[in-house]
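Residue numbers (UniProt numbering): 1 to 350.
Think of the CB as a built atom: it goes at the ideal place given N, C-alpha and C, for glycine as much as any other residue.
Contents: one structure, followed by commentary.
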Ligand code: NAD
Ligand code: DAU
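Below, the structure is given as structure tokens:
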């Protein structure tokens, strides 16, 4: 059967890299990108594939169950890779309900649409749910997140993602839907919306604006280049075992303050500034409420069972990322105009 894959959230940061990888690598598949184009979705992220014969776009909100049914039937969707979500922890703290609506109800709508469309042949189709390592909570005493680590979400965002993961497993158990889930660590790279730490700092360093570091900057994240996550999603989609979970990460832990200092150093060099210029912009600000101390993924399972591993060293990835932002001023201007200004003022300046 020819694959007609519905990728949700394909206009966002990670989704756009997944769409591009699938459209370019698999001309024999049809790829339908479904996205509501919220503040985080941007069709400029997809200009490389816009006219490709195996690519189509549907502007649909996953909260709209009827519209989802129509997309399944119009495109005779065979498989789903689900990335659409509200993804920013800080926004989940100020508006948790938006996260319930998209991440929980939207995911259940999508599961229902797939179940309805695939009817008696649920076992011939795959529902792949893309999730986060934040569902495992915060590591305080060393160790790593394994696929078997109990869920312990701490923010409204991670609670909503945990709930969506549980619904996917419940549909596998109850209705025998063929599902797979992956939980990934922090991504970085081109097209990252500048509300997240790395692109926010790149943009602010460029414009000589303060670099807001929450608390003491001691929190630790495990960073993975976005194209390596997209490669992992390709691997799990094609080789993952139904019913399984795969943790994806870079074995690459950094304290926030060290990342910010690295960005300052590299950007001083690239912009021809005196060494130490950008570091003066570092400003320690009020901590994020309930801020998880450390995330760290043990990605041994996907490495051993599916032969995936990151392709880039962190510093190479950071160089590529900074260069992309310096070369794509139009993209930055577009996404930082309008509502971004309001968000920034409200979150950082009030
Ligand atoms: P993003 O915020 O950049 O993009 C989300 C996309 O989903 C946007 O294009 C947006 O328009 C779309 N969307 C939002 N609400 C929608 C709705 N109701 N209906 C249809 N589309 C909607 O997010 P991202 O960082 O690319 O994350 C993608 C997925 O990967 C999410 O499920 C996230 O939880 C997960 N994830 C992200 C990271 C990370 O570091 N960014 C790490 C692990 C997992
Ligand atoms: O771990 C995977 C998760 O990574 C994904 O599921 C989320 O969708 C994604 O947004 C990301 O969540 P984080 O909260 O870790 O990412 P963020 O870039 O918002 O923050 C990274 C760290 O930097 C975190 O410890 C908070 C801190 N931070 C963030 C911002 C925006 C600051 O110190 N200052 C800031 O202004």
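Heavy atom of the ligand NAD within 8 Å of residue i beta-carbon
i, result
"residue 259", "no"
"residue 229", "yes"
"residue 13", "yes"
"residue 66", "no"
"residue 69", "no"
Exposure of residue i, with buried meaning 16 or more beta-carbon neighbours within 10 Å
i, result
"residue 97", "exposed"
"residue 35", "buried"
"residue 284", "exposed"
"residue 175", "exposed"
"residue 107", "buried"
"residue 177", "buried"
"residue 91", "buried"
"residue 228", "buried"
"residue 212", "buried"
"residue 339", "exposed"
"residue 28", "exposed"
"residue 357", "With the chain running from 1 to 350 in the structure shown, residue 357 is simply not present."
"residue 304", "exposed"
"residue 133", "buried"
Closer than 8 Å: residue i CB and nearest the ligand DAU heavy atom
i, result
"residue 27", "no"
"residue 198", "yes"
"residue 184", "yes"
"residue 17", "no"
"residue 195", "yes"
"residue 217", "yes"
"residue 213", "yes"
"residue 88", "yes"
"residue 33", "no"
Minimum C-alpha distance to residue i - residue among the options
i, options, result
"residue 46", "54, 77, 267, 19", "19"
"residue 206", "291, 268, 185", "268"
"residue 348", "321, 197, 276", "197"
"residue 101", "194, 160, 308", "160"
"residue 85", "163, 140, 188, 179", "163"
"residue 117", "78, 143, 139, 155", "78"
"residue 128", "280, 289, 242", "242"
"residue 50", "67, 32, 40", "32"
"residue 123", "30, 199, 180", "180"
"residue 155", "225, 200, 290", "290"
DSSP beta-bridge partners of residue i
i, result
"residue 184", "132, 248"
"residue 55", "31"
"residue 93", "Looking at the DSSP assignment, residue 93 forms no beta bridge with any residue, so it has no partner."
"residue 253", "222"
"residue 72", "Paired residues: none, contrary to the question."
"residue 80", "6, 127"
With contact counted as at least three CB pairs below 8 Å, one residue from each stretch, are the stretch 244-262 and the stretch 214-225 in contact?
yes
Do the stretch 243-250 and the stretch 291-305 make contact, defined as three or more Cβ pairs closer than 8 Å?
yes
Closer than 8 Å is the cut-off here; do at least three beta carbon pairs connect the stretch 225-239 with the stretch 158-176?
no
Would you call the stretch 25-45 and the stretch 55-63 in contact, with 3 or more CB pairs under 8 Å?
yes
Mind the definition here: the stretch 48-57 touches the stretch 2-20 only if three or more C-beta pairs lie below 8 Å; say whether that holds.
yes
Using 8 Å as the threshold, is the stretch 332-348 in touch with the stretch 272-280, meaning 3 or more CB pairs across them?
no
Touch check for the stretch 134-145 and the stretch 66-74: three-plus C-beta pairs under 8 Å?
no
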